[in-house]
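Following our numbering, the numbering of the sequence shown begins with 105 at its first residue and continues without gaps.
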Amino acid sequence: MSIELKNQKEVEAIRVSCQMAAETLLLVGEQLRAGMTTDDIDKIVHDDTIRRGAYPSPLNYKGFPKSVCTSVNEVVCHGIPSGRVLKNGDIINVDVTTFFKGFHGDTSATFYVGQPSAAARRVTEIARKALELGVKEVRDGARFGDIGAAIQEYVEGNGCGVVRDFVGHGIGRKFHEPPQVKHYGKRGSGERMRAGMVFTIEPMVNEGSFEVHVDPKDKWTVTTADGSLSAQFEHTVAVTKDGCVVLTERARPLKFSENIAAVFAV
Ligand code: MF3
Ligand code: CO
Ligand code: CO
Numbered sequence: 105m106s107i108e109l110k111n112q113k114e115v116e117a118i119r120v121s122c123q124m125a126a127e128t129l130l131l132v133g134e135q136l137r138a139g140m141t142t143d144d145i146d147k148i149v150h151d152d153t154i155r156r157g158a159y160p161s162p163l164n165y166k167g168f169p170k171s172v173c174t175s176v177n178e179v180v181c182h183g184i185p186s187g188r189v190l191k192n193g194d195i196i197n198v199d200v201t202t203f204f205k206g207f208h209g210d211t212s213a214t215f216y217v218g219q220p221s222a223a224a225r226r227v228t229e230i231a232r233k234a235l236e237l238g239v240k241e242v243r244d245g246a247r248f249g250d251i252g253a254a255i256q257e258y259v260e261g262n263g264c265g266v267v268r269d270f271v272g273h274g275i276g277r278k279f280h281e282p283p284q285v286k287h288y289g290k291r292g293s294g295e296r297m298r299a300g301m302v303f304t305i306e307p308m309v310n311e312g313s314f315e316v317h318v319d320p321k322d323k324w325t326v327t328t329a330d331g332s333l334s335a336q337f338e339h340t341v342a343v344t345k346d347g348c349v350v351l352t353e354r355a356r357p358l359k360f361s362e363n364i365a366a367v368f369a370v
């Protein structure tokens with residue numbers, strides 16, 4: 105299947121959904137603290153999304169039961185909110201996708217709950233930087249392999265693993281569209297990016313091996329095969345003639361307070 109090119113009006117519509125998702129993610133960052141459950145985060149995301157007149161894309165997507173993915177510690181992605189209580193030292197990726205007026209916007213970040221260990225801080229910071237390096241490769245005429253190579257070189261150069269089984273994706277009227285955006289690969293390989301393409305970059309970085317395991321019971325929760333920590337950041341980007349725009353860019357940095365130990369890393 106070919107990669108759809110969005111016109112300016114469509115990109116602007118996707119930007120609106122993306123900005124809603126970014127705002128909801130900021131709200132989670134402001135409220136996150138030890139003692140909360142991942143269901144509490146689900147409620148924050150659900151209520152804020154509905155309040156905006158939008159719909160939380162994950163809810164009932166291919167049977168996903170909640171409005172957001174919450175992936176704690178060794179959970180790589182697609183963590184299902186539950187009664188799990190967040191504790192000091194946990195890291196949690198919160199992945200928000202918002203559907204508004206026919207278009208989806210998708211963004212995530214990993215937060216620290218209280219004081220992170222040095223190892224937790226390291227893998228989180230590497231994931232944040234990996235996304236930044238991927239975004240820098242995006243421009244009309246560059247190839248998707250350039251994104252993957254930049255991310256893989258950096259992540260593996262730091263002794264971490266970059267997940268292969270889950271990838272970034274085109275986005276627009278559908279939550280997941282072509283292309284698959286790999287976070288590993290060879291420079292100069294893959295299709296060329298063209299102005300008007302809109303897709304996500306969302307590298308999942310494991311402290312240890314890149315290998316993952318899907319929970320056979322719930323069929324969603326993805327964990328590292330070796331039990332090591334995993335962190336992820338995600339943006340939705342639009343390719344332009346001379347580079348790209350990050351449609352999910354946050355309007356402001358996360359607000360810190362003494363109570364709020366969650367540190368936003370990007
Ligand atoms: N938001 C995830 C992504 O970045 C997809 C979650 S699918 C769900 O692609 F069903 F788990 F929500
Ligand atoms: Co996402
Ligand atoms: Co995504």
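No residue lacks a Cβ here, since even glycine has one placed at the ideal position from N, Cα and C. Since we're looking at a predicted model, the values are computed, not measured.
Q) Of the residues Gln-284, Gly-167, Ser-171, Asn-164, which one's Cα is nearest the Cα of Asp-152? A) Per the C-alpha coordinates, the member of Gln-284, Gly-167, Ser-171, Asn-164 positioned closest to Asp-152 is Ser-171.
Q. Quick one, are the C-beta atoms of Gly-252 and His-287 less than 7 angstroms apart?
A. Going by C-beta atoms, Gly-252 is nearer than 7 angstroms to His-287.
Q.
Among Glu-306, Cys-181, Pro-282, whose alpha-carbon lies nearest the alpha-carbon of Glu-295?
A. Ranking the options by Cα distance to Glu-295, first place goes to Pro-282.
Q: My understanding is that Thr-53 touches Pro-162, with C-beta atoms under 8 angstroms, so please give their C-beta distance in whole angstroms.
A: Residue 53 is absent from the model: the chain starts at 105 and stops at 370.
Q. CB-CB under 7 angstroms to Ala-335, same chain, minus the five flanking residues each way: which ones, in chain order?
A. The residues are Ile-195, Asn-197, Thr-214, Val-227, Thr-228, Ala-231, Val-309.
Q | Environment of Ile-154 [buried if 16+ CB atoms lie within 10 Å] | A | With fewer than 16 other Cβ atoms within 10 Å, it is exposed.
Q: Within its chain, find whatever has a CB closer than 6 angstroms to the CB of Thr-142; leave out the 5 residues flanking it on each side and keep chain order.
A: Taking C-beta separations shorter than 6 angstroms and ignoring five residues to either side along the sequence, the partners of Thr-142 in its chain run Thr-174, Pro-185, Ser-186, Arg-188, following chain order.
Q: Please report the residue range of the alpha helix (DSSP H) in which Val-120 lies.
A: Residues 112-135.
Q | CB-CB length for Lys-191 against Ala-138, believed under 8 angstroms | A | Indeed they touch by this definition, with Cβ atoms about 6 angstroms apart.
Q: Could you check if Lys-359 is buried or exposed, using at least 16 other CB atoms within 10 Å of its CB as the buried criterion?
A: Unreliable placement is indicated for Lys-359, whose pLDDT of 47 sits below 50; the coordinate value is still reported in the next sentence. It counts as exposed.
(Q) Does Phe-248 come out as helix, strand or coil in the three-state DSSP assignment? (A) Residue state, collapsed to three classes: helix.
Q | Assigned secondary structure, Arg-226 (DSSP; H/G/I helix, E/B strand, else coil) | A | In the structure shown, Arg-226 sits in a helix (DSSP, three-state: H, G or I).
Q) Is Val-349 closer than 7 angstroms to Ala-355 when the C-beta atoms are compared? A) With respect to the 7 angstroms criterion, Ala-355 and Val-349 are not classified as neighbours on the basis of their beta carbons.
Q. Between Ile-107 and Gly-289, is the Cβ-Cβ spacing less than 7 angstroms?
A. No, Cβ-Cβ distance for Ile-107 and Gly-289 is not below 7 angstroms.
Q: Just jot down, in chain order, the residues whose CB lies closer than 6 angstroms to any heavy atom of ligand 3.
A: With 6 angstroms as the limit, the residues whose C-beta approaches a heavy atom of ligand 3 more closely than that are Asp-210, His-273, Thr-304, Glu-306, Glu-338, in chain order.
Q | Rounded separation between Thr-344 and Lys-321 - CA only | A | If you draw a straight line from the Cα of Thr-344 to the Cα of Lys-321, it is about 43 angstroms long.
(Q) If distances are taken between C-alpha atoms only, which option among Gly-347, Glu-338, Val-179 comes closest to Ala-299? (A) Checked all of Gly-347, Glu-338, Val-179; the closest Cα to Ala-299 is Gly-347.
Q.
Within the continuous beta strand (DSSP E) that includes His-150, where are the two ends?
A. That residue, His-150, is in no beta strand (DSSP E); its alpha helix (DSSP H) goes 142-155.
Q: Check each candidate in His-339, Val-326, Pro-169 and name the one with the smallest Cα separation from Asn-177.
A: Comparing Cα positions, the closest option is Val-326.
Q: Give the C-beta separation of Leu-351 and Cys-122 to the nearest angstrom, bearing in mind that I take them to be a contact with Cβ-Cβ under 8 angstroms.
A: Between Cys-122 and Leu-351 the Cβ distance is about 4 angstroms, and since that is below 8 angstroms, they are a contact.
Q: Would you identify the three-state DSSP class for Phe-368, choosing helix, strand or coil?
A: The predicted position of Phe-368 is uncertain, since its pLDDT is 42 and thus under 50; a value taken from the coordinates is nonetheless stated next. Three-state result, Phe-368: strand.
Q) So is the beta-carbon of Asp-199 under 6 angstroms away from any non-hydrogen atom of ligand 2? A) Within the cutoff, so yes.
Q) Quick one: is the Cβ of Ser-212 within less than 6 angstroms of any heavy atom of ligand 2? A) Ser-212 Cβ: within cutoff of ligand 2.
Q) What do you reckon, are the CB atoms on Gly-263 and Val-302 nearer than 7 angstroms? A) No, Cβ-Cβ distance for Gly-263 and Val-302 is not below 7 angstroms.
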